[in-house]
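Trainee:
There are 4 protein chains.
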Amino acid sequence: MPLDATARGVYPIAPTPFQPDGRIDVDSIDRLTDFYVGCGATGLTVLGVMGEAPKLDHAEGIAVATRFIRRAGSLPVIVGVSAPGFAAMAGLARASMEAGAAGVMIAPPSTLRTDDQIATYYRQAAEAVGPDVPFVIQDYPLNFSVVMTPGVIRRIVQENPNCVMLKHEDWPGLEKISQLRAFEAEGAMRHISILCGNGGLFLDFECERGADGAMTGYAFPDMLVDVVRLAQAGERDAAHDLFDAHLPLLRYEQQPGVGLAIRKYVMARRGLIASDAQRKPAGGMSATARAEVAYLLARLARHDPRAAV
Amino acid sequence: MPLDATARGVYPIAPTPFQPDGRIDVDSIDRLTDFYVGCGATGLTVLGVMGEAPKLDHAEGIAVATRFIRRAGSLPVIVGVSAPGFAAMAGLARASMEAGAAGVMIAPPSTLRTDDQIATYYRQAAEAVGPDVPFVIQDYPLNFSVVMTPGVIRRIVQENPNCVMLKHEDWPGLEKISQLRAFEAEGAMRHISILCGNGGLFLDFECERGADGAMTGYAFPDMLVDVVRLAQAGERDAAHDLFDAHLPLLRYEQQPGVGLAIRKYVMARRGLIASDAQRKPAGGMSATARAEVAYLLARLARHDPRAAV
Amino acid sequence: MPLDATARGVYPIAPTPFQPDGRIDVDSIDRLTDFYVGCGATGLTVLGVMGEAPKLDHAEGIAVATRFIRRAGSLPVIVGVSAPGFAAMAGLARASMEAGAAGVMIAPPSTLRTDDQIATYYRQAAEAVGPDVPFVIQDYPLNFSVVMTPGVIRRIVQENPNCVMLKHEDWPGLEKISQLRAFEAEGAMRHISILCGNGGLFLDFECERGADGAMTGYAFPDMLVDVVRLAQAGERDAAHDLFDAHLPLLRYEQQPGVGLAIRKYVMARRGLIASDAQRKPAGGMSATARAEVAYLLARLARHDPRAAV
Amino acid sequence: MPLDATARGVYPIAPTPFQPDGRIDVDSIDRLTDFYVGCGATGLTVLGVMGEAPKLDHAEGIAVATRFIRRAGSLPVIVGVSAPGFAAMAGLARASMEAGAAGVMIAPPSTLRTDDQIATYYRQAAEAVGPDVPFVIQDYPLNFSVVMTPGVIRRIVQENPNCVMLKHEDWPGLEKISQLRAFEAEGAMRHISILCGNGGLFLDFECERGADGAMTGYAFPDMLVDVVRLAQAGERDAAHDLFDAHLPLLRYEQQPGVGLAIRKYVMARRGLIASDAQRKPAGGMSATARAEVAYLLARLARHDPRAAV
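Residue numbers (the numbering used here), protein chains in the order written: chain A, 138 to 446; chain B, 138 to 446; chain C, 138 to 446; chain D, 138 to 446.
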């Protein structure tokens, strides 16, 4: 089933599990995928920035994506295909779709500045992956240094029928969600799915602003699922209560540079992956940092027993 | 009393209060200063980025600094003197010290890249403000795009006897504090005061890592004072309990681009300043954003009655 | 006479002459201005980037501008008023216009990214300097990291009646000139003056593309005057012959970081200013570099006797 | 023969020839390589930025490099292996060396800032390609935004025995060459080969400063060969005479964004490649630009008959 603009819920950003010697840990891919399916995720995103995609070579990237896709069964899988050029992007997109991906995600190269440059890039990228391949815009200025106004996103959506989703991780970004939904309400833009990233740091309010859910990699995707469900069910206070209990840890994990180390460490402690190994270059955790995480987990466990690991 | 390397506690970053027509609101300067003094701040920093310093002309900057200094009485006041050139920096530093400032704060220009460029800049800046003027390094890569390693900070400290403090807002930054304190323990660097910024987002652990306190502008400086006091008294759980209660609002305020609008809005609601007006260019708050803040304040008030505003 | 959109010819970017001890050298301001007037410049621009404007404090900036303006007599003088905030910009603009400036020049802050941000900035800046003050857009992406499409420039022109000129130093930029002139030909944009910077590195073709002349600081402004005159008279080969003879030196001067040192050195050798001193931070010239310039001057002097210095 | 630190002369940066439909033009690879061999190039560099390497997928990159290597016979070929991650870099390096490459070239990712980050990156990259693979540092701040001091280059050279060459395209850069050669003279750094890029814009003086030659892609590599030969033979005036005759065109070609279009256009006119086609994204040339190039070629042909095309 190809991805479309009605997608909702939580698409965790899957880390790529490695063995301590740097080889890909395929057993952990399976275990992790089973966990995502079991906890209520509605989809999955692989080979994103936090999936260490740039550290895989072409064949490895396809192998990892394929393994996730097969194990995920009916769950739609989005594959990050951002690449320095369109040939590599198209190759990875084609291989992914053939392996059963639901769609692809495309981040802008950090050299883009003007509105025209951004729109042109997405037109060329959409053409490169092909008109039948649904794609997701990744809007993450803190990481890519590319700033997209709501007007530019609208332009991309209008110019490319295969654009079906926005991975929103602008910062600040709440008004951007409201603005895009206002465009839709006015009939000035067709509807797209909006899933939010940024580690979930503003997920509590993003849902209230009109986002369809989350696409991020926080080590407790099961919490993200619960918060989105509660928010969509109108149980505002309950959603915030759960979110707030996780916020101290979530914020700790959301540190650039060391965030992935923390995330993998917690996931390994939870038993979701066998090892917290990363390929180089990698940020590491000191003993003090590990102790701080243990302290945060212990505090969190008083509110959420899933944190008792 | 000039600032020295033994400084500890909380130096709030003071916003510059404006009237709705853009004029400086001197009455609010007084009221705000009285609040800082009353709530246990150990110092004060004015004309920082969040003090809208670049929006003041030279005479206004001196007038604002002077008003804060006079009202603060015995509380040491640090004045931000970052400027595009050394002539303006030296002029503002001189005027500030004559008005009674305890020291000055200097941020690096965003064009600096290499270790040598950074060290050279601070040598020239230290010479420009004069050897008798204590200064604070502002280390804020997210805002200035200048990355200082612990080794470069040590170099600045060693090369400039009048460097007495680091305003630490690197991100991630916990290991940096540990590294600098390790340099001191090894005798590889003389002691300096480290006060932490970044809106306080990691203050809970920063104190535990060896920071001397906070220098940031969160709308509840009284909370910062309490957290630092609890942490320094070894009451770890109590410090985290209070911090965690504030974290949802603190994180909301810490959004780039709209953070100052939120901060001034909350301070105005608390009665600390008369108006949340900013000079242009300014991020604004939508009605939805104001309602979100009201919701966060209401939730916070269940734990901290100071939020019942 | 206020600056208007009919301006043509050469507006040299004047360096600010300093004495070796860093004081402003007012006698050299007079001598340099007399030279500009004498060699056929049609205007003058002071306090630009290469005028070391950021190294002057507020009072010094006004004093330098005023001295140039008075000495220039009937020659229109444009004053660079770029500043970190609108209060300082407005203050400098007001003081300059009162001293007799013909208009002001405004560069964008390096944080601007999107088309909307750029257009908004110029609207606010135009309002800050006041509707009666003619202003020049400085479009210099290599230095400011802000990329303005022809469409954005058109938007600034259309939204601000007091925008009368573009200082064009985009790179590559020839097509941009053609595009802006095409807008004018189609009636899609009112006419503005376009003067070109970038040290003159493409002046030969810029004139042919429709530029009205040059606004740059090459140490032989008299050559710029001749090239523009020849180009406007349709003497294409003669314009290129003269330009090409200067190109080896011009290119040498156009090196970022040391360009101003070279420019001032040559101007001092020509007797246009008394000293090549710069205020800190300043790039310097090695003995080898000075010998290279001497060699270039000697080679140039075979074609242009003005280089025999 | 592996590349070593004694390399001298001219290693042209080879463009990748495409057919108008985007397929790789292998016949033009052969023709171009024959030309390089015939005109006196001492080596060859393929898959650089101007070789549109990022627009090739992995298999295409290897195929292009292999074709150049086989055709070049005894001429050493350097393959650009810069990649977003070490797995892809190592794979391309291995395949290139197996195909007969003499060494590889590595550019820094644009996220590097501090001296330590740069040195660490090159240590990890050197390890990734393997200790037996000679590598070239590409120092090109204008393109990569990474600034390497002479001290950092020395550190890379000292820490990695397989670092044998610097592709120097810093700007300004003459003093950097002098500084590195001074390190060698003082015994503070082992000797490396320095070949200069930047389109050759400063090649005249770079040779005099101690560079071993050029590594750049100007459409007249035969001129580069002559200038380096004349400079090394001490025929200073003759070297400058030839260089200066080419400078107007060379400078025109050296425009960011459209430079490659101009280069391929001239090379196609010279018959070195069949078509000036680029893969997307690509800067194009207007009819006016083509006429300007024709004019420059005609003027150049008066001094250098090779330009009569």
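Each residue gets a CB set at the ideal place from its N, CA and C atoms; glycine is no exception.
Would you mind telling me which residues of chain B sit closer than 7 Å to E429 of chain A, beta carbon to beta carbon, in chain order?
Mentor: F342
Trainee: Assuming V214 of chain B and V241 of chain B form a contact by the criterion Cβ under 8 Å, report the distance between their Cβ atoms to the nearest whole angstrom.
Mentor: With a Cβ gap of about 10 Å, V214 of chain B and V241 of chain B do not count as contacting.
Trainee: Can you tell me whether M447 of chain A is helix, strand or coil according to DSSP?
Mentor: Chain A is shown only over 138 to 446; residue 447 of chain A falls outside these bounds and no answer can be derived.
Trainee: Check whether the Cβ atoms of I166 of chain D and R204 of chain D lie closer than 7 Å to each other.
Mentor: Less than 7 Å divides the Cβ of I166 of chain D from the Cβ of R204 of chain D.
Trainee: Kindly list the residues whose CB is nearer than 8 Å to the CB of A178 of chain D, restricted to its own chain and excluding five residues on each side of it in sequence; keep chain order.
Mentor: G146, V147, Y148, P149, L212, P358, V362
Trainee: Please classify R346 of chain A as buried or exposed, where buried requires at least 16 neighbouring CB atoms within 10 angstroms.
Mentor: Burial check for R346 of chain A: the Cβ neighbour count within 10 Å reaches 16 or more, so the residue is buried.
Trainee: Check whether the segment 427-437 of chain C and the segment 369-377 of chain C touch, using three or more Cβ-Cβ pairs below 8 Å as the test.
Mentor: no
Trainee: If you reduce the DSSP assignment to three classes, tell me which class C300 of chain D lands in.
Mentor: strand
Trainee: Please list the terminal residues of the continuous alpha helix (DSSP H) segment that includes F320 of chain C.
Mentor: 311-322
Trainee: Using only alpha-carbon positions, find the residue among C:E323, C:C300, C:T286 that is nearest to D307 of chain C.
Mentor: C:T286
Trainee: Please state the DSSP three-state secondary structure of T447 of chain C.
Mentor: Since the first and last residues shown for chain C are 138 and 446, residue 447 of chain C lies out of range.
Trainee: Who are the near neighbours of P268 of chain A in its chain, counting only those whose CB is closer than 8 Å to its CB and skipping five residues on each side?
Mentor: Once the five neighbours on either side are set aside, the close Cβ partners of P268 of chain A are P298, N299.
Trainee: Should the segment 249-266 of chain D be called in touch with the segment 217-226 of chain D, which here means at least 3 C-beta pairs below 8 Å?
Mentor: yes
Trainee: Is Q391 of chain C close to chain D, meaning its C-beta is less than 7 Å from at least one C-beta of that chain?
Mentor: no
Trainee: If you compare alpha carbons, which of B:G394, B:R439, B:E312, B:R406 is closest to T425 of chain A?
Mentor: B:E312
Trainee: Find the residues of chain D that neighbour L140 of chain A, judging by a C-beta separation of less than 8 Å, and give them in chain order.
Mentor: Neighbours of L140 of chain A on chain D: none; closest Cβ ~24 Å, over 8 Å.
Trainee: Output, in chain order, the set of chain C residues within a Cβ distance shorter than 7 Å of R250 of chain A.
Mentor: R250, V284
Trainee: Of all the options B:V446, B:H377, B:A419, which has the alpha carbon lying nearest to the alpha carbon of L434 of chain A?
Mentor: B:H377
Trainee: Mind listing which residues of the segment 229-257 of chain D have their C-beta closer than 7 Å to chain B's C-betas, in chain order?
Mentor: R250, T251, D252, D253
Trainee: K313 of chain D touches chain A at which residues, Cβ-Cβ below 9 Å?
Mentor: Here the premise fails: no neighbours, minimum Cβ distance about 25 Å.
Trainee: Beta-carbon separation of P278 of chain D and V270 of chain D under 7 Å?
Mentor: no
Trainee: At least one CB of chain B closer than 7 Å to the CB of K417 of chain C: is that the case?
Mentor: yes
Trainee: Quick one: list the residues of chain C neighbouring P309 of chain D, beta-carbon separation under 7 Å, in chain order.
Mentor: Q392, P393, G394, V395
Trainee: Between G334 of chain B and the rest of its own chain, which residues show a CB-CB distance below 7 Å, the 5 nearest in sequence each way excluded?
Mentor: The beta carbon of G334 of chain B sits closer than 7 Å to the beta carbons of Y277, K304, H305, E306, M352, T353 from its chain, once the five residues preceding and following it are set aside; these are given in chain order.
Trainee: For my contact list, V301 of chain C and S282 of chain C are in at a C-beta cut-off of 8 Å; report their separation, rounded to the angstrom.
Mentor: The pair is not a contact, with the Cβ atoms about 25 Å apart (cut-off 8 Å).
Trainee: Among the candidates C:L340, C:P418, C:I410, C:P246, whose CA atom is the shortest distance from the CA of P152 of chain C?
Mentor: C:I410
Trainee: Please work out which residues of its chain come closer than 6 Å, Cβ to Cβ, to F172 of chain A, disregarding the five sequence neighbours upstream and downstream, and give them in chain order.
Mentor: L409
Trainee: Any beta carbon from chain D within less than 7 Å of K192 of chain A's own beta carbon?
Mentor: Using a Cβ-Cβ cut-off of 7 Å, K192 of chain A counts as an interface residue toward chain D, since at least one Cβ of chain D sits closer than that to its own.
Trainee: Can you tell me whether F281 of chain A is helix, strand or coil according to DSSP?
Mentor: helix
Trainee: Taking the alpha-carbon of A419 of chain C as reference, which of C:D162, C:A405, C:A398 has the nearest alpha-carbon?
Mentor: C:A398
Trainee: Just to confirm, are F380 of chain C and D341 of chain C a CB contact at a threshold of 7 Å?
Mentor: yes
Trainee: Starting from D252 of chain A, follow its DSSP beta bridges and name the residues at the other end.
Mentor: Looking at the DSSP output, D252 of chain A sits in no beta bridge, so it has no partner there.
Trainee: Going by the beta-carbon positions, is the gap between A202 of chain A and V216 of chain A smaller than 7 Å?
Mentor: Less than 7 Å separates the beta-carbon of A202 of chain A from that of V216 of chain A.
Trainee: Quick one: Cα of V403 of chain B to Cα of G159 of chain B, how far?
Mentor: 19 Å
Trainee: Consult DSSP for D359 of chain B and reduce its assignment to one of helix, strand or coil.
Mentor: It is helical.
Trainee: May I ask which residues mark the beginning and end of the alpha helix (DSSP H) holding T203 of chain C?
Mentor: 195-209
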